[in-house]
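Here the structure is laid out as structure tokens; the discussion comes afterwards.
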Amino acid sequence: MGNSFIQQKTQALTQQYMEELGTLTEAQLDAVQNIQSFVAVIGIVVGIILAAVYWVGKSFVFHAFAKVLGGVKPEISSTIHLIAYTYLPFIFKGILDVYRGYSYQAPSYQEFVYQLEHPDILLSFIREHNIFLVWALVLMVIAVKEQYNLSWKRAFLSVFIPYTVVWIVQIAMTFAGTQLIGGM
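Residue numbers for the sequence shown follow numbering that gives the first Met the number 0, beginning at 0 and rising by one.
Next up, the structure:
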């Protein structure tokens, strides 16, 4: 939601940039402005739905990895409940993101264009993967360890192997997208 506030505050800069590129007609520019509010609402709804899907998906993945690594076999429903508690740090992160969005000051046009044309992939990754993620990951390791009576090492592997795979795919897709956009 904080990103939606930031997009609203940089809307004029985005429009100016699009006009300078000359790739859109006036009607297309008007359509982009009209749809931004709708997209923000859709983003919030889809975000809530995806949070639930990821929550259940993570629970199944952790359940499978813990069983493979020799853990006891509790019910999947108890794993789903435990993983729900590990989402607490993300609630705090969400509150801070809303604050960041409200307090955001739009940069100058030159800075805005530079940020668009030279994205900092590492900084973007760090912004999304901060202390709240570390906190949640620690809670996930503790939850898996206690739920499946695993050692710290096996619990750590049950959580971090899936996350590492996802991060590698995420970085690869970001890099590929940057190369694709840069090559246009």
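Note that CB positions come from ideal geometry on N, CA and C, so glycine has one too.
Of the listed residues Val137, Asn148, Val133, Pro118, nearest to Phe174 (C-alpha basis): Answer by Cα proximity: Pro118.
Looking at Leu149: is its Cβ nearer than 8 Å to the Cβ of Val143? Leu149 is a Cβ neighbour of Val143, given a cutoff of 8 Å.
With DSSP collapsed to three states, give me the class of Ser150. Of the three classes helix, strand and coil, the one that applies to Ser150 here is coil, per DSSP.
Along the alpha helix (DSSP H) that carries Pro88, what are the first and last residues, could you check? Start and end: 87-102.
Around the C-beta of Ile82, are 16 or more other C-beta atoms found within 10 angstroms, so that it is buried, or is it exposed? Burial state of Ile82 is buried, judged by a 10 Å Cβ sphere holding 16 or more other Cβ atoms.
Evaluate contact between the stretch 101-114 and the stretch 10-29, counting only Cβ atoms and requiring at least three cross-stretch pairs below 8 Å. Touching, yes.
Is the Cβ of Tyr53 closer than 8 Å to any Cβ of chain D? Absent here is chain D; the protein component of the structure consists of one chain.
Between Val158, Asn129, Ile160, Phe89, which lies nearest to Ala50 when the distance is taken from Cα to Cα? The residue from Val158, Asn129, Ile160, Phe89 with its alpha-carbon nearest to that of Ala50 is Phe89.
Put Thr13 into one of helix, strand or coil per three-state DSSP. In this structure, Thr13 counts as helix in the three-state DSSP scheme.
Can you list, in chain order, the residues of its chain whose CB lies under 8 Å from that of Ala69, leaving out five sequence neighbours each side? The sequence shown places Gly at residue 69, not Ala. The answer, listed in chain order, is Leu149, Arg153.
Please report the straight-line C-alpha distance between Leu132 and Pro73, rounded to a whole angstrom. Going by the C-alpha atoms only, they are around 26 Å apart.
Contained alpha helix (DSSP H) runs [length at least 4] in the stretch 22-90, N- to C-terminal order: Runs found: 25-67, 75-84.
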